[in-house]
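The sequence shown lines up with residues -4 to 174 when you count with this note's numbering.
Where is the CB? At the ideal position from N, CA and C, for every residue including glycine.
All values reported here derive from a predicted model rather than from experimental measurement.
Quick notes on the structure that follows.
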Amino acid sequence: MERVIAKVLVNEEQIKKRVAELGEQITHDYADKNLLIIGIFKGAVPFLADLIRQIRIPIRYDFMAVSSYGSSTNSSGAVRILKDLDRSIEDCHVLIVEDIVDTGLTLQYLKENLLGRQPLSLKIVTFLDKPERRKVDIHPDYNGFVIPNEFAVGYGLDYNELYRNLPYIGVLKPEIYEQ
Ligand code: 5GP
-4 MERVIAKVLV NEEQIKKRVA ELGEQITHDY ADKNLLIIGI FKGAVPFLAD
46 LIRQIRIPIR YDFMAVSSYG SSTNSSGAVR ILKDLDRSIE DCHVLIVEDI
96 VDTGLTLQYL KENLLGRQPL SLKIVTFLDK PERRKVDIHP DYNGFVIPNE
146 FAVGYGLDYN ELYRNLPYIG VLKPEIYEQ
């Protein structure tokens, strides 16, 4: 699989260290609070799985699946919920776990949708942030790494549903997209 990678943006050691730091910060910020972590399928799965095991308070987690109309490299902003939460969130402090914030359109939609359900609070943690491409004013409360405007794969992020299982974040060789 490594043959397809042009360069590594974030390596396994950096991921481990940063996820531990985020877990510690979240543990501190949500001590004694009823925390519900909401993972966004499919990209956030590896990050969520690592992050929750670095959080040292009892938490719940659930998932949502959304589809942004358009291709994986160019999201249009229109979002449809494919899988919704199992229960109401009125008594919860909610933390959305996302793989990457790019234009910010997906998160803006999710944030507004979930705020409408009146949680006690709502924050966002994203593993990657690509601020150069932002189209809306959305700022993750916790962020793993800021990356340049390149199409990242690995650690949950795909190209045509492949490469989500790479244990680090990389950029594909140009010929992979041209196939
Ligand atoms: P946004 O709505 O912020 O533009 O994009 C959110 C979604 O687009 C992410 O959850 C992810 O699925 C996809 N996306 C954005 N940038 C990248 C990227 O660099 N690599 C991959 N694989 N997906 C991306």
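Element boundaries [beta strand (DSSP E), containing residue i]
i: G111; result: Counting along the chain, G111 falls outside any beta strand (DSSP E), and DSSP gives it neither H nor E.
i: H88; result: 88 to 96
i: L31; result: 30 to 36
i: V131; result: That residue, V131, is in no beta strand (DSSP E); it is neither H nor E in DSSP.
Pair within 9 Å by beta-carbon distance, residue i and residue j
i: R129; j: D97; result: yes
i: F58; j: G34; result: yes
i: N108; j: F122; result: no
i: V40; j: V61; result: no
i: Y163; j: E7; result: yes
i: L90; j: I133; result: no
i: Y56; j: L77; result: no
i: F140; j: Q9; result: yes
Residue i beta carbon near the ligand FMN (any heavy atom closer than 8 Å)
i: V92; result: Absence of the ligand FMN from the depicted structure is noted, with the ligand 5GP being the only ligands included.
Closest residue to residue i among the options (Cα-Cα distance)
i: L30; options: R159, S116, E173; result: S116
i: T52; options: I142, T121, Q20; result: Inspection of the sequence shows that residue 52 is occupied by Ile rather than by Thr. For I52, the nearest C-alpha among the options comes from Q20.
i: E127; options: V5, A73, I76, I142; result: I142
i: I54; options: L4, P41, D27; result: D27
i: Q113; options: C87, G99, I133; result: C87
i: V148; options: V166, P135, V131; result: V166
i: L161; options: K168, P169, L152; result: L152
i: S83; options: T101, I171, I32; result: I32
i: E2; options: E173, K168, Y172; result: Sequence inspection shows Lys at residue 2; the Glu mentioned does not correspond to that position. With distances taken between Cα atoms, K2 lies closest to K168.
i: R159; options: H23, F36, G18; result: F36
i: V14; options: Q49, L80, Y150, I171; result: Q49
Residue(s) in a DSSP beta bridge with residue i
i: S83; result: Answer is none; S83 lacks a bridge partner.
i: R159; result: Partner(s): none; R159 has no beta bridge.
i: K78; result: A60
i: Y150; result: According to DSSP, Y150 bridges with nothing at all.
i: V141; result: D124
i: L117; result: V89
i: R55; result: L31
Limits of the unbroken alpha helix (DSSP H) element including residue i
i: I164; result: Where I164 is concerned, there is no enclosing alpha helix (DSSP H), although the beta strand (DSSP E) it sits in stretches over 164 to 167.
i: D136; result: Neither: D136 is in no alpha helix (DSSP H) and is coded neither H nor E.
i: I47; result: 40 to 47
Short CB-CB distance (under 9 Å) between residue i and chain D
i: I133; result: In summary, chain D is missing from the structure at hand, where a single protein chain is found.
**Request:** Within the stretch -3 to 34, note down every full beta strand (DSSP E) run reaching 3 residues or more, in order along the chain.
**Result:** Complete beta strand (DSSP E) runs here, min 3: 0 to 5.
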